[in-house]
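Asker: Dropping a structure here in structure tokens format, bear with me for questions.
Residue numbers (the working numbering): 14 to 424.
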């Protein structure tokens, strides 16, 4: 057993305490506490500790609202008030920008509260154990069967409550449009006998093959007064309230004019192009998924946006566009842009880039790469897209640095 005094939160959601010159990472602990735990992993320069007792709790510690919180790894921070969770997310981003991004005193605004701390997820993916929906235990391959999940948006909670024995099902995905109430269920494995009692369209998934079992599966969502058609198995932001916040932030950063062309990089089904792009002269967008681009074209047309959407890799195929872009929004996968992605986005030298990221570390690394490509970090705003977890969405602004020839001359 070891007594520790955590002083910070690490990227990854654990509290950090130093003892005998070694960093100890303790899940479930808070800075300012006195805790006792057992070392479960020792890597020499650092160790991971299982929390046994909180001897002196910090202000803001609370009882977790979910009965599965101690076992289920779906939420990591239910033991802390949401305002404290948001502070941790902001300080994590600041630390990553200083350390990996090499930005001194970065301007990171307070984390935005989207107004929904529970019941916010419009999509939830479950494994099935003993006929029940299950999620992984934290840092484990063990699955925890669930009797409830407090993150489910109300339409999904209604379906969850109607689920019977799921024996024979291997995976279950529940999805809805919070603004439209469209709801669908996707299953892998055997189809339950009582599936009709779920009261929603059901799709059977076998690899890449989709087969409708019951109903007419339609999935749509409304963001910024634009109705988006969403492929039942495709990507869309899992928090509709958060998606609305992202759109607002990107619009404020770019201030697109009707003479400008907007690049929507890693565009998916066109969330930013079909909303922020309504202010632009034209939108060009790229995504590696042909199905996403198919839906992006529909959504752009429905929003009245003049758009040229292409299937391709941002790092390999960006030169296939025969036009330049004045501003850009990018929303890459968790791994970020990387050197080739930064080179692609900056190749047209847009005046401003809005960078949407779900990972503080890759965002910070790309901040350094963007600086090397002539783009100054201006500010970042965290969005609490995933309350009760350490996950956070970031919207950063990068402006093209003035070249020496552009400064101080009217000639």
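By construction, the Cβ of each residue, glycine as well, lies at the ideal position given by its N, Cα and C atoms.
Since this is a predicted model, take the numbers as computed values, not measurements.
Closest to residue 200 by C-alpha separation, out of 220, 37, 193, would be which residue?
Answerer: Against the chain shown, residue 200 aligns to sequence position 187. Closest option to residue 200, Cα to Cα, is 220.
Asker: Alpha carbons only, please: which of 286, 336, 193, 324 is nearest the one belonging to residue 313?
Answerer: Taking the chain shown and counting its residues from 1, one reaches residue 313 at position 300. Considering only alpha carbons, the answer is 286.
Asker: Pick from 278, 292, 164, 291: whose alpha carbon is nearest that of residue 305?
Answerer: Walking along the chain shown from the start, residue 305 turns up at place 292. If we check each option's Cα against that of residue 305, 278 comes out closest.
Asker: Given this structure, state the Cα-to-Cα distance separating residue 126 from residue 398, to the nearest angstrom.
Answerer: Looking up residue 126 in the chain shown gives position 113. Looking up residue 398 in the chain shown gives position 385. Taking the straight line joining both Cα atoms gives about 8 Å.
Asker: Is it the case that the segment 221–234 contacts the segment 280–298, given that we only count it when at least three CB pairs across the two stretches are under 8 Å?
Answerer: Touching, no, given that fewer than three Cβ pairs across the two stretches are closer than 8 Å.
Asker: Could you check whether residue 345 and residue 106 sit closer than 7 Å to each other, using their CB atoms as the reference points?
Answerer: Here residue 106 refers to the residue found at position 93 when the chain shown is read from its first residue. Here residue 345 refers to the residue found at position 332 when the chain shown is read from its first residue. No, Cβ-Cβ distance for residue 106 and residue 345 is not below 7 Å.
Asker: Quick one: using the 10 Å Cβ neighbour count with 16 as the cut-off for buried, is residue 147 buried or exposed?
Answerer: Taking the first residue of the chain shown as 1, we reach residue 147 at position 134. Classification of residue 147: buried, given that the 10 Å Cβ count is 16 or more.
Asker: Who are the Cβ neighbours of residue 301 in its own chain at under 6 Å, not counting the five residues just before and after it?
Answerer: For the purposes of this step, residue 301 is taken as the residue at position 288 of the chain shown. Cβ neighbours of residue 301 beyond the five flanking positions: 326.
Asker: DSSP three-state label for residue 421, please.
Answerer: The residue labelled residue 421 in the question sits at position 408 within the chain shown. Because residue 421 carries a pLDDT of 40, less than 50, the predicted location of this residue cannot be relied on, and the following value inherits that uncertainty. Of the three classes helix, strand and coil, the one that applies to residue 421 here is coil, per DSSP.
Asker: If I measure Cβ to Cβ from residue 359 and keep anything under 6 Å in the same chain, skipping five residues before and after, which residues do I get?
Answerer: On the chain shown, residue 359 is found 346 positions in, with the first residue counted as 1. Hits under 6 Å: 386.
Asker: Can you confirm whether the segment 157–166 touches the segment 77–86 when touching is taken to mean that 3 or more C-beta pairs between the two stretches lie within less than 8 Å?
Answerer: Judged by Cβ distances under 8 Å, the segment 77–86 makes contact with the segment 157–166, as three or more pairs qualify.
Asker: Quick one: give me the first and last residue of the beta strand (DSSP E) that residue 82 is part of.
Answerer: Mapped onto the chain shown, residue 82 falls at position 69. That residue, residue 82, is in no beta strand (DSSP E); it is neither H nor E in DSSP.
Asker: Going by C-alpha to C-alpha distance, which of 410, 94, 136 sits closest to residue 266?
Answerer: As a position in the chain shown, residue 266 is number 253, starting the count at 1. Among 410, 94, 136, the Cα nearest to that of residue 266 belongs to 410.
Asker: For residue 377 and residue 263, which I take to be in contact (beta-carbon distance under 8 Å), what is that distance rounded to the nearest angstrom?
Answerer: Within the chain shown, numbered from 1, the residue matching residue 377 stands at position 364. Within the chain shown, numbered from 1, the residue matching residue 263 stands at position 250. At roughly 19 Å, the Cβ-Cβ gap does not stay under 8 Å, so residue 377 and residue 263 are not in contact.
Asker: Let me check one thing: in DSSP terms, what residues is residue 198 bridge-paired to?
Answerer: Mapped onto the chain shown, residue 198 falls at position 185. DSSP, once it has assigned bridges, lists 187, 215 as partnering residue 198.
Asker: How big is the Cα-Cα spacing for residue 237 and residue 131?
Answerer: Locating residue 237 in the chain shown gives position 224, where the first residue counts as 1. Locating residue 131 in the chain shown gives position 118, where the first residue counts as 1. Computed Cα separation, rounded: 22 Å.
Asker: Helix or strand or just coil, what does DSSP make of residue 90?
Answerer: For this step, residue 90 is matched to residue 77 along the chain shown. Correct three-state label for residue 90: coil.
Asker: Apart from the five residues just before and just after residue 64, which ones in its own chain have a Cβ nearer than 7 Å to its Cβ?
Answerer: Here residue 64 corresponds to residue number 51 of the chain shown, with the count starting at 1. Excluding positions up to five away in sequence, the list reads 39, 40, 41, 42, 48, 50.
Asker: Name the DSSP beta bridge partners of residue 307, please?
Answerer: Residue mapping note: residue 307 aligns to position 294 of the chain shown, counting from 1. Residue 307 is not bridged to any residue.
Asker: Keeping to the same chain, check which residues put their C-beta closer than 6 Å to that of residue 276; ignore five residues upstream and five downstream.
Answerer: Looking up residue 276 in the chain shown gives position 263. Cβ within range, chain order: 297, 338, 341.
Asker: When the distance is taken between beta carbons, is residue 374 closer than 7 Å to residue 121?
Answerer: Counted from its first residue, the chain shown places residue 121 at position 108. Counted from its first residue, the chain shown places residue 374 at position 361. Not closer than 7 Å, so no.
Asker: Buried or exposed: where does residue 405 fall if 16 or more other Cβ atoms within 10 Å of its Cβ makes it buried?
Answerer: Within the chain shown, numbered from 1, the residue matching residue 405 stands at position 392. Flag for residue 405 reads buried.
Asker: Using the rule of at least 16 other Cβ atoms within 10 Å of the residue's Cβ for burial, across every protein chain shown, is residue 136 buried or exposed?
Answerer: Your numbering for residue 136 matches position 123 in the chain shown. Burial call: buried.
Asker: Can you tell me where the alpha helix (DSSP H) holding residue 102 begins and where it ends?
Answerer: The count along the chain shown starts at 1 and reaches residue 102 at position 89. Here the alpha helix (DSSP H) through residue 102 covers 95–112.
Asker: Under a three-way DSSP split, which group does residue 264 fall into?
Answerer: Residue 264 sits at position 251 when you count from the first residue of the chain shown. Residue 264: helix per DSSP, three-state reduction.
Asker: The alpha helix (DSSP H) with residue 383 in it runs from where to where?
Answerer: To locate residue 383, count along the chain shown from 1; it is residue 370. Here the alpha helix (DSSP H) through residue 383 covers 373–385.
Asker: For residue 169, which of helix, strand or coil comes out of DSSP?
Answerer: In the chain shown, residue 169 corresponds to position 156, counting from 1. The answer is helix: DSSP assigns residue 169 an H, G or I state.
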